[in-house]
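Each remark here refers to the structure printed beneath this line.
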Amino acid sequence: MYNSLTRIQNVFGFFTTVAFVVGGIIAATDFTFSRTPSASIKPTNVQVVKGRPHYYSSKKEEYAIIKFSLDADLSSLFTWNTKQLFVYVTAEWPSVSGANETNKAVIWDTIITSPSSDHLANIGPATLKKLRKSAAGKSVDPSRGKLSLKNQRPKYQITHPSGKVAKTEDVTLHVHYNVQPWVGALTWNQDVDFALWKRMARGISKAFELPAVKKKDDSTKAKAK
Amino acid sequence: MLSSLQNPRQAAAQLLNFALILSTAFMMWKGLSIAADSPSPIVVVLSGSMEPAFQRGDLLFLWNRNLLAETDVGEVVVYNVRGKDIPIVHRVVRKFGLGEHAKLLTKGDNNAADDTELYARGQDYLERKDIIGSVVGYIPFVGYVTIMLSEHPWLKTVMLGIMGLYRLTNRNQMSHQPERTQNSLIFGTPAKDVTSALPRFIYSKQQENAIIDHVTSHLDTEFKFDNLDLLLEKLDLHGYEDVRNSRLENLKDLIVKKIKSKIALMRKNMGLGNLPID
């Protein structure tokens with residue numbers, strides 16, 4: 001009835017049960033931490049250029065470069081179950097002025113690792129050492145959730161399948177986040193409050209218009225002057 | 226091997242049990258599939274393009290219904306490139322338009338460039354139908370077993386070997402089960418001569434304790450004579466299902482009747498009231 005194989009089997013079965021229950025409890029504790037994120041964002045410099053936005057682009061098209069300033073306090077999103085925070089800024093605009101926002105594009109993003117997952121980040125050893133030092137041995141470091149960017153260059157240029165983005169109206173910048181847990185459910189910024197989790201305070205810029213295409217000769221002329 | 230030939234009933238039960246486990250697993254998978262409206266509601270991460278969020282071997286739970294909102298920018302989705310059957314887990318970074326034919330562009334968090342290069346020839350954007358689900362839940366490491374199995378095929382052989390060994394030892398265990406015949410002795414009397422009167426069941430101390438255990442662990446008022454098989458095994462009086470005495474009475478029935486009256490007597494002595502025996 002009880003040979004060593006059934007014993008091993010029982011131990012393994014018990015281990016997996018315990019592991020899953022503990023995992024479930026850890027995932028559930030997310031709801032016991034309050035979330036009070038806030039952010040403010042504004043565009044600082046907007047340009048529209050005609051050219052190849054990527055090295056692999058097959059055709060020339062209009063693309064917009066939106067520089068922005070961002071101040072965000074996402075420190076309350078860091079708990080013991082936070083593996084990383086993915087923060088991204090989108091530009092959103094309606095196809096027809098006044099309609100729902102039907103065009104969305106990420107212009108900038110960043111991964112903020114929790115000190116417990118620093119070793120997983122795709123960075124060099126020197127940067128890793130610096131990052132580790134910044135947390136000073138803490139397993140949770142809320143200070144990492146504070147962002148302050150001035151006139152930040154976007155990582156991605158905005159294009160549109162039609163190839164035209166110049167003079168687009170009603171463009172807004174939005175700050176979003178995605179909390180990646182060590183175990184459990186992935187969560188994003190909410191539009192409504194949910195128990196201890198508050199919606200993002202502000203986090204949307206005023207509407208602005210993309211300018212006309214910047215002429216190449218304009219810039220060369222400017223340089224010549 | 227031989228034991229299974231000798232005892233086809235046991236072999237059939239074992240086969241049935243195995244089939245039951247397989248079909249339960251299959252039904253749970255398909256049930257989840259229907260609930261999530263996704264052909265594969267649980268996927269294992271195969272590449273590092275979403276690191277540090279997802280490592281190879283992590284388990285992702287997918288949801289493919291748009292109950293409240295459409296699949297949007299920022300969601301991590303699993304999609305199949307047209308014409309290829311490799312699921313890719315990446316984040317949606319652009320969305321143009323609304324509804325079924327919205328144009329979606331994806332990118333791995335850990336990749337420098339977006340996925341335009343990964344898509345099929347002539348395909349610049351994904352559509353909703355290319356996506357088999359959005360990631361909603363996450364469990365680390367658990368899926369690594371499948372990666373190990375697909376990358377080191379010899380592990381499969383080892384696992385099959387262990388399973389075979391287990392079956393074999395299981396068989397051996399079963400052959401330890403006493404072979405009961407008409408000549409097996411029950412309290413000194415050959416089975417063929419056992420009747421409802423003979424022999425007297427004089428229990429050993431050990432057997433007496435086993436019966437006391439059984440009675441005290443079933444103290445509820447609605448006492449029923451179920452689970453006697455386990456008790457029979459403890460009393461070493463099991464395995465008489467197919468044995469008959471010279472009057473063609475079933476030996477197990479005779480034994481069970483004896484034990485039932487023993488239990489009834491015991492309960493009466495303990496002040497638990499009378500029990501009707503059948």
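Here the protein sequences line up with chains S and Z, keeping their order. Read in order, the letters of the first sequence are residues 1 to 225 in the working numbering. Read in order, the letters of the second sequence are residues 226 to 503 in the working numbering. Ideal placement from N, C-alpha and C gives every residue a C-beta, glycine not left out.
Figure out for me which residue from the options has the closest Cα to the Cα of residue i.
i         : options                                    : result
Gly23(S)  : Asp454(Z), Lys417(Z), Phe366(Z), Arg492(Z) : Phe366(Z)
Ala27(S)  : Pro181(S), Trp197(S), Arg202(S), Met200(S) : Pro181(S)
Glu300(Z) : Leu186(S), Ala126(S), Ser58(S)             : Leu186(S)
Leu473(Z) : Thr420(Z), Gln348(Z), Ser265(Z)            : Thr420(Z)
Asp355(Z) : Phe426(Z), Leu247(Z), Ala327(Z)            : Ala327(Z)
Pro142(S) : Lys155(S), Thr159(S), Ser116(S)            : Ser116(S)
His176(S) : Ser95(S), Asn10(S), Ile41(S)               : Ile41(S)
Gly347(Z) : Ser57(S), Ser95(S), Lys206(S), Arg7(S)     : Ser57(S)
His315(Z) : Ala337(Z), Ile488(Z), Ser274(Z), Leu241(Z) : Ser274(Z)
Leu74(S)  : Val179(S), Ala207(S), Asp191(S)            : Val179(S)
Lys215(S) : Ala166(S), Lys155(S), Lys130(S), Ile123(S) : Ala166(S)
Leu210(S) : Thr102(S), Asn10(S), Ile66(S), Ala121(S)   : Ile66(S)
Trp483(Z) : Val360(Z), Phe412(Z), Glu276(Z), Thr441(Z) : Inspection of the sequence shows that residue 483(Z) is occupied by Lys rather than by Trp. The residue with the shortest Cα to Cα distance from Lys483(Z) is Phe412(Z).
His54(S)  : Thr17(S), Tyr63(S), Val213(S)              : Tyr63(S)
Ile112(S) : Tyr350(Z), Glu325(Z), Pro277(Z)            : Pro277(Z)
Glu92(S)  : Phe20(S), Phe15(S), His160(S), Gly13(S)    : His160(S)
Ala345(Z) : Leu330(Z), Ala337(Z), Asp334(Z), Gln407(Z) : Leu330(Z)
Applying a beta-carbon distance threshold of less than 7 Å, which residues of chain Z neighbour residue i?
i         : result
Ala121(S) : Pro277
Let me see if you follow: with CB-CB separation under 8 Å, is residue i close to chain Z or not?
i         : result
Asn10(S)  : no
Asn103(S) : yes
Ile111(S) : yes
Val106(S) : yes
I'd like to know if residue i contacts chain S, where contact means its C-beta is closer than 8 Å to some C-beta of that chain.
i         : result
Leu241(Z) : no
Ala338(Z) : yes
Asp418(Z) : no
Asn335(Z) : yes
Thr249(Z) : no
Thr341(Z) : yes
Taking C-beta pairs closer than 8 Å, name the residues in chain S that residue i reaches, listed in chain order.
i         : result
Asp438(Z) : Residues of chain S passing the Cβ test: none, with the nearest at roughly 16 Å.
Mind listing the chain Z neighbours of residue i? Cutoff is C-beta to C-beta under 8 Å, in chain order.
i         : result
Pro115(S) : Within chain Z, no residue comes near Pro115(S); the closest Cβ sits about 12 Å away, beyond 8 Å.
Gly23(S)  : Ile364
Pro161(S) : Phe321, Lys328, Asp349, Tyr350
Val175(S) : In chain order: nothing, as chain Z lies at least about 11 Å away.
Contacting positions in the stretch 74-92 of chain S - beta carbon closer than 9 Å to chain Z: Lys83, Gln84, Phe86, Tyr88, Thr90, Glu92
Residues in the stretch 296-328 of chain Z having any Cβ partner in chain A nearer than 9 Å: Although the question refers to chain A, the structure presented lacks it and instead comprises the protein chains S and Z.
Selection of the stretch 179-193 of chain S by Cβ proximity to chain Z, strictly under 9 Å: Gln180, Pro181, Trp182, Val183, Gly184, Ala185, Leu186, Trp188, Asn189
Contact list for the stretch 354-378 of chain Z against chain S, Cβ threshold 7 Å: Val360, Val361, Gly362, Tyr363, Ile364, Pro365
Near-chain Z residues of the stretch 53-69 of chain S - C-beta to any C-beta below 8 Å: His54, Tyr56
Sufficient close CB pairs (3 or more, under 8 Å) joining the stretch 87-96 of chain S to the stretch 63-77 of chain S: yes
Segment contact, 8 Å Cβ cut-off, at least three pairs: the stretch 200-210 of chain S with the stretch 29-44 of chain S: yes
Stretch pair the stretch 369-380 of chain Z + the stretch 269-285 of chain Z: three plus CB contacts closer than 8 Å: yes
Stretch-stretch touch, CB-based, cutoff 8 Å, three pairs: the stretch 154-172 of chain S with the stretch 2-9 of chain S: no
Stretch-stretch touch, CB-based, cutoff 8 Å, three pairs: the stretch 331-341 of chain Z with the stretch 256-269 of chain Z: Segments in contact, no.
Validate contact between the stretch 384-391 of chain Z and the stretch 433-442 of chain Z using beta carbons, cut 8 Å, 3 pairs: no
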